[in-house]
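What follows is a single structure, written as structure tokens, with notes after it.
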Amino acid sequence: MIKIQDVFFTYPNGVEALRGVNLEIQDGEFLAIMGQNGAGKTTLVKHINGLLKPTKGTVMVDGVDTTKVSVATLAKKVGFVFQNPDHQLFSETVEEEISFALRNFGFSESAIKERVNWALNLLDLAEYRKVSPFMLSGGERKRVALASVLAWDPKIVILDEPTIGQDSQQKERLRQFILQLNHLGKTVIIVTHDVEFVAECKSQVVLMSQGKIIAHGSAKKVLTNLEVVTQASVVLPQISQLFANLKNISFPTEVIDVNEAADILLGKLGDSQ
Amino acid sequence: MSMFNGFKFRSVNSTIHKMDPRAKFIYVCVMFAVAVMFSQLIPLLVLFIIQTPLVFVARVQKEWLRSMKGAAGFAAIIFLMNVLSLYFYGNYESLSAILERSLALTLRFMVLIESFSVFFLTTSPDLLGLALEQSHVPYELCFAFTTAVRFVPVLAEEAQTIMDAQKARGLELEGGSFVKKIRNYIPILIPLIVNAIRRSLELAETMESRAWGATQNRTNLYVLRMGRKDLLLMLFSFIVLAVSAYVSWNVQIPNITYLLNI
């Protein structure tokens, strides 16, 4: 469990990025953190693997205070996939790239081989095993970065802006994949601006604005609440916008799912016929 | 990293900042030449001290101190190497003479750092590029220069992100032997270089799509003109150069060791 208690964080240049954040994330939870640029989303998740230490307050990961241990120690439990894969790829082959972290964590050679194979298959990268990561397309590089983190099977997976630069097919694959990870019992935290993606994932949602959490709850509750969504500079999912416009003729407003929307509309059409 | 802040342009509204970069550049060149002209402690000390008022006029004391602090490590190495080489290979009578000579050569380094620091702290990369352009340096070179300077902070920020990304994959940057430390930086340097090359290619494409190099006769929004203060600084620089040349050729400069008779 991740327990963030009254956390404040100020960058060395004086920017106050977090101003009293309280958040509990249960094991196996799927959480999306949303909000405008500069709201403190990435700053907050960087506290979970200890890349940033709170100026005030505490962050506990499975009962361990993040200020007491190194990033490398926490990283074994908390996998963090950065927004831009080009900030981490450096090896000659995809295989070596994926084994980098495993070597850092001191896995045995046989275990490394096994885990690399597992990760390559998981992300459909087996054919690129011996290819240089620099020769791959943007989407493939992103998958290599993801594989290189999932390889050591961390209990908590944090994905910073996973949908940026992905076409709709890739995005759908990513969504299925994240849901699969979550079903395997992993805690999954994504930082994103992609409201449609979150609506489809139906995860828990935290909305942030100016270094504070302004809403926390299910996607259905939070993403259909026009007031908080506007405050966090997020737009309603298109389905919710439609239903918000129809609320005067007694339509429900808490709708984010396309199938649910279709059922409601078909029901109403059936009534009127 | 803090040492580089001692060379990074800092926008302050001061007389020195407003001066023509060409005048300041001549001043730096003169300081460089004069510092190399002398190897005795007294003239180098004078050279170091006469420059300090400029730092205060430009109001960049804090940043300047950083450059001095950053250079202190290198200075210590220079001092040590000089003491050792003069002790084993030089013909000096006393240890104090060796120390004085080593101190002088170290101070020469500090004088150079001091003048370069003042120059870069008070001259914006844009003005510097403009000055180069008006000095008939080909525009391509001026542009490459200003772009390189402008991207230093971007690269520094990127290096930090890359370090975070690799630390998140279990890379330990602290500790270990010297060789291990160097090896640890490979996962940081490669993405940094690859991204820099990618960015430069992207920049070239965006520049070309904005008609870069379409005409030979570029015009500028701002044109640099030498003012009275610039001429005064250049005059001062030339006087320092002339006096120094005269002194170094015609005057026997005493050693402090000799004066104090130790």
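From first to last, the protein sequence lines are chains A and B. Residue 111 in my numbering sits at position 111 of the first sequence, and the numbers go up by one each step. Just remember that my numbering sits 1000 ahead of the position in the second sequence, which is counted from 1. Ideal Cβ placement from N, Cα and C applies to all residues, glycine included. Only a predicted model underlies this, so the values are computations on that prediction, with no experimental measurement involved.
Residue 35 of chain A versus residue 1126 of chain B: straight-line alpha-carbon distance, rounded:
36 Å
State the DSSP-derived secondary structure class of residue 160 of chain A, mapped to helix, strand or coil.
strand
Rounded Cβ spacing between residue 1237 of chain B and residue 1026 of chain B (contact assumed at less than 8 Å)
5 Å
Euclidean distance between Cα positions of residue 1259 of chain B and residue 1097 of chain B
11 Å
If we count the other Cβ atoms within 10 Å of its Cβ and call it buried at 16 or more, is residue 88 of chain A buried or exposed?
buried
Residue closest to residue 83 of chain A, alpha-carbon to alpha-carbon, out of A:166, A:266, A:246:
A:166
What ranges does the beta strand (DSSP E) occupy inside the segment 140–185 of chain A, keeping only unbroken runs of at least 3 residues that lie completely in it?
156–160
Residue 191 of chain A at chain B interface by Cβ criterion, 8 Å:
no
Run down chain B in chain order and give the residues with a C-beta less than 7 Å from the C-beta of residue 148 of chain A.
1169
Exposed or buried, which one is residue 152 of chain A when buried takes at least 16 other CB atoms within 10 Å?
buried
For residue 57 of chain A, which of helix, strand or coil comes out of DSSP?
strand
Close-in-space but distant-in-sequence residues of the same chain around residue 1253 of chain B (CB under 8 Å, 5 per side omitted)
1038, 1040, 1042, 1043, 1247
With DSSP as the reference, label residue 1215 of chain B as helix, strand or coil.
coil
Less than 8 Å between CB atoms is the rule here; does residue 1012 of chain B satisfy it with respect to chain A?
no
What are the start and end residues of each continuous alpha helix (DSSP H) run of 4 or more residues lying completely inside the segment 1051–1093 of chain B, in chain order?
1061–1089
Taking only three categories from DSSP, how would you classify residue 81 of chain A?
strand
Classify residue 207 of chain A as helix, strand or coil using the three-state DSSP reduction.
strand
Any Cβ of chain C within less than 8 Å of the Cβ of residue 1005 of chain B?
Protein chains A and B are contained in the structure displayed, whereas chain C is not.
Between the alpha carbons of residue 112 of chain A and residue 73 of chain A, how many angstroms are there, rounded?
18 Å
In chain order, what residues of the same chain lie with their CB nearer than 6 Å to the CB of residue 1058 of chain B, ignoring the 5 residues before and after it?
1014, 1016, 1122
Limits of the beta strand (DSSP E) - the one that residue 1039 of chain B falls within
Segment: none, residue 1039 of chain B is in no beta strand (DSSP E) and carries neither H nor E.
Is there a Cβ from chain B that is less than 8 Å from the Cβ of residue 157 of chain A?
no
Alpha-carbon to alpha-carbon, residue 1149 of chain B and residue 121 of chain A:
44 Å
Would you kindly work out how many angstroms separate the C-alpha atoms of residue 1018 of chain B and residue 1232 of chain B, rounded to a whole number?
14 Å
Measuring straight from C-alpha to C-alpha, what distance separates residue 2 of chain A and residue 123 of chain A?
27 Å
Would the beta-carbon of residue 158 of chain A fall within 8 Å of that of residue 80 of chain A?
yes
Name the chain B residues that come within less than 8 Å of residue 105 of chain A, Cβ to Cβ?
1170
Who are the Cβ neighbours of residue 1035 of chain B in its own chain at under 7 Å, not counting the five residues just before and after it?
1044, 1047, 1108, 1111, 1112
Minimum C-alpha distance to residue 101 of chain A - residue among B:1187, B:1181, B:1051:
B:1187
Classify residue 125 of chain A as helix, strand or coil using the three-state DSSP reduction.
coil
Spatial neighbours of residue 1228 of chain B within its chain, please: C-beta separation below 7 Å, excluding the five flanking residues on both sides.
none
Can you find a CB in chain B that lies within less than 8 Å of the CB of residue 69 of chain A?
no
CB contact flag (residue 1132 of chain B, residue 104 of chain A, <8 Å)
no
Residue 47 of chain A burial status per 10 Å Cβ neighbour count (16 or more: buried)
buried
Assuming residue 249 of chain A is part of the beta strand (DSSP E), what are its boundary residues?
Element bounds for residue 249 of chain A: n/a, residue is neither H nor E.
Contact residues within the segment 35–54 of chain A, judged by C-beta distance below 8 Å to chain B:
46, 49, 51
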